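In my numbering, the protein residues as written are 602 to 1177. C-beta atoms are modelled at their ideal positions from N, C-alpha and C, and glycine is treated no differently. Just so it is clear, the structure is predicted and the values come from calculations on it, not from any experiment.
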Ligand code: ARG
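So this is what it looks like as structure tokens:
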């Protein structure tokens, strides 16, 4: 049930019946304060202006024409022409009842789109570090949300698996293999990369071999390809361990690295030339874009092929967008990449649109995010100033969660503790990130994210266990609840209304790629539930009807928290 969409439609109809143009916007929003009702329509004022009519007069006409029988118990006009809508409790109760038994809590079936989501994208022969964390977890929340709504999601892990560094890496892999070193050598990717680089810088013969391997690899040489594949495999096998620990849904099948587009690149360059978009400039091939000016105020040149024939990161992203539309059949493409790459993407997509590779009807969206900072406000680093490996960060999260839980729960069993620390530790790291608006930088702070109060994973997970425990204690399931939901108390009505807003939140997150909206909603819901539970006795309610009704509200809360946290990739536990 999408109440906002329903009311928007109703108010729009009334506006049009009152003489407004067909494209008039009702501007229906959730009201910020209970005194303004559950929803308010703010569109009247701007329509009245267009019609040259006093806004309150139009508002009165709209209210008269508004058909909300059975949906709203009251509508009133406020201020210059706002329309406040108070939902009918009976209507809310019926829909809450329906949400309990309907699939996916009764959300409206969507017209399924194919949505390609580009996220995570670590680089081969390097260990994943904190720089990949935001893309990975925000992107995964987006993928889960779109899927929950019913869209077909194609996860595209745009791994950095190509480039001139592979000559050096292959040469070093060869050396390691010749020396019969164990695979352990490879498992430490940071070490491996550093050693390869060292040999390249210090050993002229090695460097020579490395350069010849680059050329061979690009030419499709069997041996070099085999070595290259080994490097990719080892890296992605390791990254998979991190994905699994993070409860991220990516698998090895989702790897669509840069190399996938290699074969398309010469054709793209030729085509852009033929279309008159690309030109030769000092041996390189360049696209000049009027939309972007350089320092001198001239159109900026975007190089798509270098003098030596090499293609660039931009060329690959042009091909990649084309592929996602043409081959994958994308209706929409979302890119979870940090904000520093914004200009890069805009340039690539400007070229894509000009060349007609992806029609305007298929959105290419950069869902960018800021950096992860330390408490000092500087980029998050290790004590010694190095980049923080993701695996180490997760170890620390689990370690810290373990100490915290053991402190709070001295009697907890070894086995319970083990499960709990993973859910809480990993959940805390993820939730801290997801709960902040993604567009800005954010401060990574262990104490905040592991706090049991406030909008944190431990709080949310605990809130979930509290609701779940009601059913454990009373051994009740839905089948035993035959009475309908009744909403006599304000707190009951407020909780039920908020529960029905789940779909609105999902829709917003899916549209804007903003999981923090879901976090705020769930946090608010947990708070409403707390108030309800405190003031409205559930198991000891004054009558069996009310007991069942309240149990149903609790059950719907439990399910909503569960599904909501699930779209975020946050695990729930039954006991804490
Ligand atoms: N591998 C890149 C990096 O680590 C990110 C790739 C993002 N995706 C893309 N289509 N360019 O910076």
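- With a 10 Å radius around the Cβ and a threshold of 16 neighbouring Cβ atoms, residue 914 comes out exposed.
- Residue 741 has its CB no nearer than 7 Å to any heavy atom of the ligand ARG.
- Secondary structure note for residue 1060: its alpha helix (DSSP H) is the uninterrupted segment 1058-1075.
- The DSSP-derived three-state label of residue 836 is helix.
- Here the C-alpha atom of residue 664 lies approximately 32 Å from the C-alpha atom of residue 703.
- Shown here, residue 759 sits in coil according to DSSP, grouped into three states, outside any helix or strand.
- Using a Cβ distance threshold of 8 Å, residue 1108 and residue 931 do not count as a contacting pair.
- Contact check for residue 647 against residue 629 fails: the beta carbons are separated by 8 Å or more.
- Secondary structure note for residue 901: its beta strand (DSSP E) is the uninterrupted segment 900-906.
- Per the DSSP secondary-structure output, residue 939 pairs in a beta bridge with 970.
- Here the C-alpha atom of residue 794 lies approximately 44 Å from the C-alpha atom of residue 1011.
- In the DSSP assignment, residue 886 forms a beta bridge with 881 and 906.
- DSSP links residue 719 through a beta bridge to 757 and 936.
- Residue 1084 and residue 710 have their C-alpha atoms roughly 27 Å apart.
- Nearest in C-alpha terms to residue 812, of all of 847, 1164, 773 and 841, is 773.
- Taking all protein chains shown into account, residue 1136 has fewer than 16 neighbouring C-beta atoms within 10 Å of its C-beta and is therefore exposed.
- Two segments are said to touch when three or more pairs of C-beta atoms, one from each, lie closer than 8 Å; by this definition the segment 1026-1039 touches the segment 1051-1060.
- Spanning the alpha carbons of residue 1177 and residue 967 requires a straight line of approximately 38 Å.
- Beta-bridge analysis with DSSP links residue 676 to 686.
- About 7 Å separates the CB atoms of residue 1167 and residue 745; that is less than 8 Å, so the two are in contact.
- Residue 642 has 629 and 684 as its beta-bridge partners, per DSSP.
- Residue 1150: member of the alpha helix (DSSP H) spanning 1145-1169, first to last residue.
- Excluding its 5 nearest sequence neighbours in each direction, residue 1164 has C-beta neighbours in its own chain below 8 Å: 705, 706, 749 and 1103, listed in chain order.
- According to the DSSP assignment, residue 662 belongs to the alpha helix (DSSP H) that extends over 656-666.
- DSSP places residue 953 within a helical segment (H, G or I) once states are collapsed to three.
- The beta carbon of residue 1068 sits closer than 7 Å to the beta carbons of 1130, 1155, 1158, 1159 and 1162 from its chain, once the five residues preceding and following it are set aside; these are given in chain order.
- The shortest C-alpha to C-alpha distance from residue 906 to any of 894, 888, 900 and 922 is the one to 888.
- DSSP places residue 1080 within a helical segment (H, G or I) once states are collapsed to three.
- Taking 7 Å as the cut-off, the C-beta of residue 921 counts as close to a heavy atom of the ligand ARG.
- Here residue 892 carries a strand assignment [DSSP, helix/strand/coil].
- The three-state reading of DSSP puts residue 1130 in helix, counting H, G and I together.
- In summary, residue 824 is exposed, with fewer than 16 beta-carbon neighbours lying within 10 Å of its beta-carbon over all protein chains present.
- Beyond the five residues adjoining it in sequence on each side, residue 679 comes within less than 7 Å, by CB distance, of 637 and 685 in the same chain, given in chain order.
- Distances between the C-beta of residue 840 and the heavy atoms of the ligand ARG are all 7 Å or more.
- Distances from the CB of residue 938 to the heavy atoms of the ligand ARG include at least one below 7 Å.
- When C-beta atoms of the segment 946-962 are compared with those of the segment 911-928, three or more pairs fall below 8 Å, so the two segments count as touching.
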